[in-house]
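Worksheet: one structure, shown below.
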Amino acid sequence: GFDEPQHRVVLTQHVLMTAHEVTQALYLEVVGGTVSDCSYGCGPLKPVQNISWMGTVGFCNTLSADQGLGAAYPTISANSADWDSTAHGWRLPTEAEWEYAARADENWIYSGSSTLADVAWCNGPADPYVGTDVGSLAPNAWGFYDMSGNVSEWVWDIYEAYPTAEVTDPTGAAFGSERVARG
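Throughout, this note's numbering is defined as the position within the sequence shown, counted from one, plus 337.
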């Protein structure tokens with residue numbers, strides 16, 4: 338799009354990423370209770386769907402605590418969170434980190450293929466395949482599944498137009514309310 342010019346991005350931080358979207362089984366194990374929304378179906382291997390950005394941040398901290406890792410978000414309020422970039426716990430990737438993982442040093446149009454049907458369930462909410470069990474199509478070269486389809490995935494960034502100059506470890510706008518989702 339007009340606000341997504343190609344530009345060089347340098348990444349220097351590490352981020353833990355699962356091979357596929359968070360499953361409903363993992364979410365229930367970590368959070369307990371029930372999955373809040375099963376618009377596209379419920380099941381242990383189905384991805385968590387329609388979770389808020391704040392709910393995702395809370396999930397990251399709870400999963401980190403369960404695994405004895407430091408919380409990436411030491412302060413969470415009603416509508417925001419502070420990110421401690423020195424913490425080694427689970428966190429949302431930045432948009433640039435997400436895109437790097439999706440591209441996997443390849444030149445495909447989609448993550449892992451030039452043929453959308455090889456790697457993505459993505460025809461929209463009316464499509465019975467959206468929300469399909471995670472990892473049911475081909476992964477990209479680094480073993481990440483569902484990066485080009487299935488359900489949307491939150492990233493850390495607040496939306497802003499991409500810069501045209503080289504940037505190091507971009508994290509999106511400093512202020513705003515529109516969080517970025519990818520996939």
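We put the beta carbon where it would ideally sit given N, CA and C, even for glycine.
Look at the alpha carbon of residue i and the alpha carbon of residue j, and state the distance between them as a whole number of angstroms.
i, j, result
"residue 437", "residue 488", "18 Å"
"residue 443", "residue 478", "8 Å"
"residue 400", "residue 365", "11 Å"
"residue 353", "residue 412", "20 Å"
"residue 360", "residue 428", "16 Å"
"residue 389", "residue 348", "26 Å"
"residue 393", "residue 491", "8 Å"
"residue 452", "residue 520", "15 Å"
"residue 515", "residue 387", "15 Å"
"residue 500", "residue 494", "14 Å"
"residue 455", "residue 351", "28 Å"
"residue 468", "residue 497", "28 Å"
"residue 415", "residue 434", "26 Å"
"residue 418", "residue 407", "15 Å"
"residue 398", "residue 517", "19 Å"
"residue 370", "residue 395", "14 Å"
"residue 346", "residue 481", "20 Å"
"residue 431", "residue 368", "23 Å"
"residue 376", "residue 385", "10 Å"
"residue 511", "residue 448", "28 Å"
"residue 474", "residue 439", "14 Å"
"residue 358", "residue 471", "6 Å"
"residue 485", "residue 445", "11 Å"
Taking only three categories from DSSP, how would you classify residue i?
i, result
"residue 345", "coil"
"residue 499", "coil"
"residue 456", "helix"
"residue 447", "strand"
"residue 338", "Residue confidence for residue 338 is low, a pLDDT of 45 falling below 50, so the modelled location carries little weight; the figure read from the coordinates is stated next. Residue 338 falls in the coil class under three-state DSSP."
"residue 482", "coil"
"residue 475", "coil"
"residue 441", "coil"
Provide the residue(s) that pair with residue i in DSSP beta bridges, ordered along the chain.
i, result
"residue 489", "Beta-bridge pairing links residue 489 to no other residue."
"residue 516", "495"
"residue 504", "346"
"residue 509", "495"
Could you tell me which whole alpha helix (DSSP H) segments of length 4 or greater appear in the segment 357-427? 361-368, 390-403
Three or more beta-carbon pairs under 8 Å between the segment 502-509 and the segment 376-395, yes or no? No, the segment 502-509 does not touch the segment 376-395.
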